[in-house]
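First the structure, in the form of structure tokens, and then the observations on it.
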Amino acid sequence: MKKRMPLIIAAAALLLFSGLFLFLYFYNDTLRFHHMTEEFFAEAFRQDSLSLHYTLAEPSDYLQKPSPATLPLYSRQSRQEAAAALENQLLILQEINPERLNQQDRYTWSLLVPYLENELAGARCEYYEEPLTPSSGMQSQLPVLLAEYSFRTKEDLEDYLEILESVPAYLESLAQYEKEKANAGLFMTKSDASNIVKQCDTIMDPDLLSAGEHFLQTTFQERAEALVQEGLLTGEEMELYIAENNRILTTLVAPAYIALADAVFLLSGSGTHEGGLCELPSGGAYYLYLLRHNTGTSRTPEEIQVLLSDRFQLCYQNLQALVETYREQTGNTSISLQDIPAFPFQDAQEVLTDLQQRIQTDFPPLDALTKTLPTCRTKAVAESMEEFTSPAFYLTPPIDDMGDNVIYVNNASTSPGLELYTTLAHEGYPGHLYQTVYSQLYENSRTKNPVRSALFYGGFVEGWAYYVENISYGYASDVLLANGASNITPLLVDIACLERNLQVNLYCLLDLSIHYYGATRQDIYRSLAAFGISDKDTADTIYDYIRTEPTTYLKYYLGYLEILSLQDKAKELWGQDYTPLRFHTFLLQAGPSDFSNLEKRLTETPITRSTIAYTQTEKKLAMR
370 MKKRMPLIIA AAALLLFSGL FLFLYFYNDT LRFHHMTEEF FAEAFRQDSL SLHYTLAEPS
430 DYLQKPSPAT LPLYSRQSRQ EAAAALENQL LILQEINPER LNQQDRYTWS LLVPYLENEL
490 AGARCEYYEE PLTPSSGMQS QLPVLLAEYS FRTKEDLEDY LEILESVPAY LESLAQYEKE
550 KANAGLFMTK SDASNIVKQC DTIMDPDLLS AGEHFLQTTF QERAEALVQE GLLTGEEMEL
610 YIAENNRILT TLVAPAYIAL ADAVFLLSGS GTHEGGLCEL PSGGAYYLYL LRHNTGTSRT
670 PEEIQVLLSD RFQLCYQNLQ ALVETYREQT GNTSISLQDI PAFPFQDAQE VLTDLQQRIQ
730 TDFPPLDALT KTLPTCRTKA VAESMEEFTS PAFYLTPPID DMGDNVIYVN NASTSPGLEL
790 YTTLAHEGYP GHLYQTVYSQ LYENSRTKNP VRSALFYGGF VEGWAYYVEN ISYGYASDVL
850 LANGASNITP LLVDIACLER NLQVNLYCLL DLSIHYYGAT RQDIYRSLAA FGISDKDTAD
910 TIYDYIRTEP TTYLKYYLGY LEILSLQDKA KELWGQDYTP LRFHTFLLQA GPSDFSNLEK
970 RLTETPITRS TIAYTQTEKK LAMR
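In this text, residue positions in the sequence shown follow the working numbering: the first is 370, and each later residue adds one.
Structure (structure tokens):
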């Protein structure tokens, strides 16, 4: 026995050493990956207090808040530094063996590598980014983000005022960037410049400011009053802060908007290019970058065109069949979607409540992930912003506080009835709000690494919202039938759905035509006329929107088609075990991703009894 002890000790030591070696072997890559992703996340918000506030409620858990709170400045140096950082981060990632990471980190690694490669490609196309577009530029986005900046604490309010004070420097940096764009021969058209000047003059309306009725004044007071009610602020302090907010708006922010308008006006006419991106020296490369960045697809433009054309033909054939059925059943030769009955709901909140009830069978419930269900407030877009704002939009909450959600509705461009119902399905349930909250809560339950929230996957996010918007047309038919509508109503609703799909598909094809194939304004006139759009002003509006917002429609519709493609793949793989609930759960738990990685994740998921049965708990919860 004593003679064998040294052998046992040696064997134990060998096992211990081997275990330690294997631990360090795998742990080293894990440690490097976590360090790199933490740095990447921190760098994304280092000088951007506004984005940080919208991303994290408690940033001290992840990174140091900028002090004072500030907005990032546009400068060539900062863009070059960002590109160099991307290159270094990519090199670090490529040195890490993903097989040594756990499953969650491995998937994040597979997302990060192509994401950073594409961002680096975009960074090489200097001065092609346009932060001041007529439809979604920062001149109109910034006030909305400021108006919804939440005051959870007195410190938040003070940070907000610091951010507000940094607006002049931010806008001045945008003006300098536009001057550099002009010097590079890449300045906007004269008509675009005119629109930007008009917006800058309108947004900070001096009459509303002097009357204390500007939405940046009224919303500030509402948020400050809430702090008083919670005992976090005294009435006297509130009055002082309100006075300070008014001072900054009138003496700093409003003049800064005027200065930006003046800078754009002085540059107006220096832009010589009025066509698609492909006509510019690096425009083709930049368009390919935008395709990857905004849609998450790996398809070539040629493949996308074929996919869109095939889908257009299918939708058109289905529409013709529906129209013929409608005529046979009614004897009417003409169709009017105005014949769709009014909905029984009085406001947006009632619509959202109805949608929450209707999704329970085919979508996993949020209460499987949280004891406190998220709230949702709907707000009307301020009248002064209606002309420059989309029909509706959802503001994402911080990833560590998903409880309070806000949807803005533009009453000037969103009609009540079917349009409002499907719009709220897109923005709320089971659209953006539901997807954002579910995917983030699921991600939070699996990892404390926040890096994925710094990645943008517009194709997944908008594709999901457009996918469920299409589903909501069926819900709408059920609502109307339950409230006495005739059996012909679902036909009209389906026709409305197909007409919308055909329209958005057409705009996607025009996007490719303008920015990849070089179609001119006259070419687009002819294309639109072939589809019954012969009014020149309407055609100009369509052309100019697509010209200034490349790949925006593709973000929605191509993302939707990619999801349909994944759905077909899931049905093929899962066979009789396919259910909408299982497919939706797969997408939501994967979270925002590019579609190549989603397909790989789908095909590599083993088909076992456990994976088939994993939705049983979800089903029980959904059927409560």
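Where a beta carbon is used, it is the ideal one built from N, C-alpha and C, also for glycine. Since the model is a prediction, treat every value here as computed from it, not as a measurement.
Between residue i and the rest of its own chain, which residues show a CB-CB distance below 7 Å, the 5 nearest in sequence each way excluded?
| i | result |
| --- | --- |
| proline 767 | Tyr423, Thr424, Leu425 and Ala426 |
| phenylalanine 402 | Ile465, Leu470, Asp474 and Trp478 |
| threonine 747 | Ala717, Gln718, Ile776 and Val778 |
| phenylalanine 952 | Gln936 and Ala939 |
| threonine 791 | Glu838, Ser841, Tyr842 and Ala845 |
| threonine 889 | Gly644 |
| tyrosine 894 | Ala908 |
Using a 10 Å radius around the Cβ and a threshold of 16 neighbouring Cβ atoms, would you call residue i buried or exposed?
| i | result |
| --- | --- |
| glutamate 796 | buried |
| glutamate 605 | exposed |
| alanine 690 | exposed |
| glutamate 973 | exposed |
| valine 848 | buried |
| lysine 740 | exposed |
| glutamine 891 | exposed |
| valine 675 | exposed |
| glutamine 809 | buried |
| serine 436 | exposed |
| glutamate 671 | exposed |
| proline 650 | exposed |
| lysine 905 | exposed |
| glycine 827 | buried |
| tyrosine 886 | exposed |
| aspartate 576 | exposed |
Going straight from the alpha carbon of residue i to that of residue j, what length do you get?
| i | j | result |
| --- | --- | --- |
| leucine 1008 | alanine 865 | Given a span of 370 to 993 for the chain in the structure shown, any question on residue 1008 remains unanswerable. |
| proline 503 | glycine 640 | 15 Å |
| lysine 940 | proline 949 | 10 Å |
| methionine 573 | leucine 621 | 11 Å |
| asparagine 813 | alanine 737 | 13 Å |
| proline 326 | tyrosine 811 | Look at the range of the chain in this structure, 370 to 993, and you will see that residue 326 is not part of it. |
| asparagine 397 | histidine 404 | 11 Å |
| phenylalanine 955 | glutamine 726 | 21 Å |
| tyrosine 529 | leucine 850 | 48 Å |
| threonine 907 | aspartate 913 | 10 Å |
| threonine 730 | leucine 721 | 16 Å |
| arginine 557 | glutamate 643 | Correcting the residue type first, residue 557 is methionine in the shown sequence and not arginine. Near 8 Å, if we compare the C-alpha coordinates of glutamate 643 and methionine 557. |
| lysine 924 | aspartate 417 | 25 Å |
| leucine 384 | proline 467 | Any reading at leucine 384 must be qualified, since the residue scores a pLDDT of 45, below 50, and its modelled position is unreliable; the value itself is stated next. C-alpha separation (whole angstroms): 25 Å. |
| glutamate 697 | leucine 706 | 17 Å |
| asparagine 614 | asparagine 663 | 36 Å |
| proline 428 | glutamate 527 | 16 Å |
| glutamate 488 | glutamate 450 | 13 Å |
Between the Cα of residue i and the Cα atoms of the options, which residue gives the shortest distance?
| i | options | result |
| --- | --- | --- |
| aspartate 909 | Ala632, Gln698, Asp570 and Asp561 | Asp561 |
| isoleucine 932 | Glu973, Tyr842, Glu838 and Ala899 | Glu838 |
| isoleucine 611 | Glu407, Thr783 and Leu578 | Leu578 |
| glutamate 358 | Pro483, Tyr443, Glu486 and Leu481 | This structure cannot speak to residue 358, because the chain is shown only from 370 to 993. |
| proline 919 | Glu547, Gln718 and Tyr658 | Tyr658 |
| asparagine 779 | Gly800, Glu755, Leu789 and Asp773 | Glu755 |
| leucine 635 | Phe964, Arg680, Ser563 and Ala888 | Ser563 |
| alanine 632 | Lys548, Leu861 and Leu875 | Lys548 |
| arginine 493 | Leu460, Gln458, Glu534 and Arg445 | Arg445 |
| arginine 521 | Gly506, Asn552, Gly600 and Leu485 | Gly600 |
| alanine 366 | Asp570, Pro483 and Ala834 | Since the displayed the chain opens at 370 and closes at 993, residue 366 lies outside it and no answer follows. |
| proline 734 | Gln958, Leu480, Thr917 and Arg661 | Gln958 |
| glutamate 831 | Ala628, Ala854, Leu515 and Tyr803 | Tyr803 |
Find out if the Cβ-Cβ distance for the pair residue i, residue j is shorter than 8 Å.
| i | j | result |
| --- | --- | --- |
| leucine 724 | leucine 618 | no |
| alanine 438 | isoleucine 532 | yes |
| alanine 625 | proline 512 | no |
| tyrosine 476 | arginine 869 | no |
| leucine 432 | alanine 411 | yes |
| leucine 764 | glutamate 517 | yes |
| alanine 823 | alanine 452 | no |
Ignore the nearest five residues each way along the sequence and tell me which others in residue i's own chain have a CB closer than 6 Å to its CB.
| i | result |
| --- | --- |
| threonine 921 | none |
| glutamate 495 | none |
| phenylalanine 1009 | Outside the displayed range of the chain (370 to 993) lies residue 1009, so it cannot be described from this structure. |
| valine 862 | Tyr842, Ala845 and Ser846 |
Spatial neighbours of residue i within its chain, please: CB distance less than 8 Å, with the 5 preceding and 5 following residues excluded, ordered by chain position.
| i | result |
| --- | --- |
| glycine 772 | Thr741, Pro743, Thr744 and Pro766 |
| serine 509 | Gln568, Ile572, Met754, Phe757 and Thr758 |
| serine 903 | Leu897 |
| tyrosine 858 | Note on residue identity: the sequence assigns threonine, not tyrosine, to residue 858. So the qualifying residues of the chain are Ile709, Pro710, Ser846, Leu849 and Leu850. |
Within 8 Å (strictly less), CB to CB, does residue i reach chain C?
| i | result |
| --- | --- |
| arginine 475 | Of the protein chains in this structure there is only one, and it is not chain C. |
Heavy atom of the ligand GTP less than 7 Å from the Cβ of residue i, yes or no?
| i | result |
| --- | --- |
| glycine 944 | Absence of the ligand GTP from the depicted structure is noted, as is the absence of any ligand whatsoever, leaving it without description. |
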